[in-house]
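In the numbering used here, the protein residues as written are 19 to 220. We treat Cβ as the ideally placed atom computed from N, Cα and C, and that holds for glycine. Encoded as structure tokens, the structure appears first; notes follow it.
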Ligand code: URA
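In structure tokens form, the structure reads like this:
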């Protein structure tokens, strides 16, 4: 069954319930569950990540693993209260590959991102945020199109096809991958400054 967002959905809860049985692409087959967005309708900021990771897949909530902890710290330093932000992903099932006992993240492909876009659109319609923050290339390209380059336009307030302003920035897991403390600090500082731009514009 391919679940689509119900016409005229009015709440995140309604969308979440419908998305639980989405078979719009094959990723549901190896995922524990659909990980839908979380937060209140009317949230000023909507943060869009790539896809749930291992912890998110198990817990059924977005950004609860290591990248989520870093995101929380960065939001805090940017003066943004996470409880007032809607957090979601471009793709709502975990794509992974087995390496020994571990499930390793695999980037979703363009078809999987496209299949999941109606859910993101429906979330935007129901939440009506004042600003979207696109975390990394997958989210940025899902919203702004495949030619969009985060490296060229990060931290700028741009207009999205939804008519809502957006700020694109790096994905928090890229900061966790920094090879030394100095570059991690610098990457975190730039990330916080992008979030501050978004927070001011929301
Ligand atoms: N990375 C994401 O893009 N989203 C999550 O929910 C967790 C990690």
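Residue of the options minimising C-alpha distance to residue i
| i | options | result |
| --- | --- | --- |
| residue 156 | 148, 165 and 149 | 165 |
| residue 104 | 114, 113, 93 and 111 | 93 |
| residue 127 | 44, 145, 95 and 54 | 44 |
| residue 53 | 158, 71, 102 and 187 | 71 |
| residue 69 | 90, 42 and 109 | 109 |
| residue 178 | 207, 151 and 136 | 151 |
| residue 188 | 154, 162 and 141 | 154 |
| residue 144 | 47, 91 and 180 | 180 |
| residue 102 | 85, 65, 194 and 86 | 65 |
| residue 160 | 135, 167, 112 and 173 | 135 |
| residue 30 | 125, 140, 205 and 202 | 140 |
Cutoff 6 Å; reference residue i; Cβ partners in own chain excluding five residues on either side
| i | result |
| --- | --- |
| residue 36 | 21 and 24 |
| residue 38 | 52 |
| residue 190 | 85, 88 and 89 |
Any non-hydrogen atom of the ligand URA within 6 Å of residue i CB
| i | result |
| --- | --- |
| residue 127 | no |
| residue 90 | no |
| residue 209 | no |
| residue 68 | yes |
| residue 47 | no |
| residue 81 | yes |
| residue 74 | yes |
| residue 71 | yes |
| residue 155 | no |
| residue 186 | no |
| residue 205 | no |
| residue 224 | A query on residue 224 cannot be resolved here, the shown segment of the chain reaching from 19 to 220 and no further. |
| residue 37 | no |
| residue 199 | no |
| residue 220 | no |
| residue 27 | no |
Endpoints, the alpha helix (DSSP H) within which residue i is located
| i | result |
| --- | --- |
| residue 146 | Neither: residue 146 is in no alpha helix (DSSP H) and is coded neither H nor E. |
| residue 86 | 84-95 |
| residue 161 | 155-162 |
| residue 30 | 30-37 |
Nearest-angstrom Cβ-Cβ length linking residue i and residue j, presumed shorter than 8 Å
| i | j | result |
| --- | --- | --- |
| residue 60 | residue 146 | 7 Å |
| residue 222 | residue 55 | There is simply no residue 222 to check, as the chain begins at 19 and stops at 220 in what is shown. |
| residue 83 | residue 73 | 3 Å |
| residue 63 | residue 149 | 5 Å |
Chain-order list of residues whose beta-carbon lies under 7 Å from that of residue i (same chain, five-residue window excluded)
| i | result |
| --- | --- |
| residue 175 | 183, 185, 215 and 219 |
| residue 96 | 210, 213, 214 and 217 |
| residue 50 | 75 and 76 |
| residue 80 | 53, 55, 56, 67, 70, 74, 105, 106 and 107 |
| residue 28 | 144 |
| residue 34 | 54 |
Span of the beta strand (DSSP E) around residue i
| i | result |
| --- | --- |
| residue 216 | Note, residue 216: premise wrong, no beta strand (DSSP E); alpha helix (DSSP H) at 199-219. |
| residue 63 | 63-67 |
Contacts around residue i, its chain only, beta-carbon distance under 8 Å, and the 5 residues preceding and following it disregarded
| i | result |
| --- | --- |
| residue 162 | 152, 176, 178, 179, 184 and 186 |
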